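The sequence shown begins at -5 in the working numbering and counts up one residue at a time. Even for Gly, the Cβ is constructed at its ideal location relative to N, Cα and C. Computed from a predicted model, the values in this text were never measured in an experiment. One structure is given here, and the rest of the page talks about it.
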Amino acid sequence: MMRTILIVDDDPHILEVISFALDKAGMNTQTAADGQEALKRATGQNFDLIVLDISMPELDGLEVCRELRKTSEVPVLFLSSRDEEIDKILGLEIGGDDYVTKPFSVRELVARIKAILKRASLVAPTEQGDEPLRHGNVVLEPREHRVRYEALDVPLTATEFSILKAFLDQPLRAFDRNNIIDKIYDLNIHVSDRTIDSHVRHIRSKFAVLGCDNLIETVHGIGYRLGSCR
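As structure tokens, then:
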């Protein structure tokens, strides 16, 4: 089954380059030249992933993502022409799965998209590891790609889901950031420590809203481990 990717950028050349690369990689592509068009397309059709430029006139990529997250958990990969780290982290804080900075390697972009699709269980699932994972009142169901806390659904992005699953697979382990990167990203993809910190903060905040404020603890000098969430 071919995956359908929506590419959003106000630069026609970038739309053409990414569309060509993803078509060659066996994916269907659609394009949008601005944020408003992107929201209209995303409302009327289910996409497997959205490649979303941050710097667009009228409605930028961050605002588009905020609107999408009100009703959808579709994976989002940001494109950014800004070098400031805060822009990248902000994108992840509002629900992005990953980012690539312009100018970018098309090969790396395709690799990151494939990695997100894999984490989102949008490739054929295996029978191994499909049993629900439990930690206190937290239940993660790999087959359904669903997380619940006290019977309430917790809307995690594909990357957040994969990070939480890594913790639940080894509930007694203290993970450093490189351990987390190795488990959820391909070896040829560079990911900064701050990106992992941002994803962990986002997971914490989603559970804290539901009354669980200690699901992931900081282990000073090392990284993170599961806390208690009852």
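Give me whichever residues DSSP pairs with His129 in a beta bridge. Here residue 129 is taken as the residue at index 135 of the sequence shown, counted from 1. The partner list for His129 (beta bridge, DSSP) reads Val132.
What three-state label does DSSP hand Ile1 in the structure shown? In the sequence shown, counting from the first residue as 1, residue 1 sits at position 7. Looking at Ile1 - three-state DSSP - the assignment turns out to be strand.
Between which two residues does the beta strand (DSSP E) containing Phe72 stretch? Position 78 of the sequence shown, counted from the start, is the residue given in the question as residue 72. Val70 to Ser74 is the extent of the beta strand (DSSP E) around Phe72.
Helix, strand or coil for Ala26, going by three-state DSSP, please let me know. In the sequence shown, residue 26 corresponds to position 32, counting from 1. Here Ala26 sits in strand by DSSP.
In the DSSP output, which residue or residues are listed as bridge partners for Arg171? Taking the first residue of the sequence shown as position 1, residue 171 is located at position 177. In DSSP, Arg171 forms no bridge with anything.
Assuming Leu134 contacts Lys159 under a Cβ cut-off of 8 Å, what Cβ separation, rounded to an integer in Å, is found between them? The count along the sequence shown starts at 1 and reaches residue 134 at position 140. The count along the sequence shown starts at 1 and reaches residue 159 at position 165. Correct: roughly 6 Å between the Cβ atoms.
Would you call Lys82 buried or exposed, if buried means 16 or more other Cβ atoms sit within 10 Å of its Cβ? Here the question's residue 82 lines up with position 88 in the sequence shown. Flag for Lys82 reads buried.
Should Val11 be flagged as near chain D, meaning a C-beta pair shorter than 8 Å? Going by chain labels, chain D is absent from the structure shown, which holds only one protein chain.
With a threshold of 7 Å on Cβ separation, who are the neighbours of Leu33 within its own chain once the five nearest residues in sequence on each side are excluded? Position 39 of the sequence shown holds residue 33. Taken in chain order, the residues that qualify are Val58 and Glu61.
Only counting the same chain, and skipping five residues up and downstream in sequence, which positions put a Cβ closer than 7 Å to that of Thr23? Reading the sequence shown from its first residue, position 29 is the one you call residue 23. Excluding positions up to five away in sequence, the list reads Ile(-1), Ile1, Ser13, Leu16 and Asp17.
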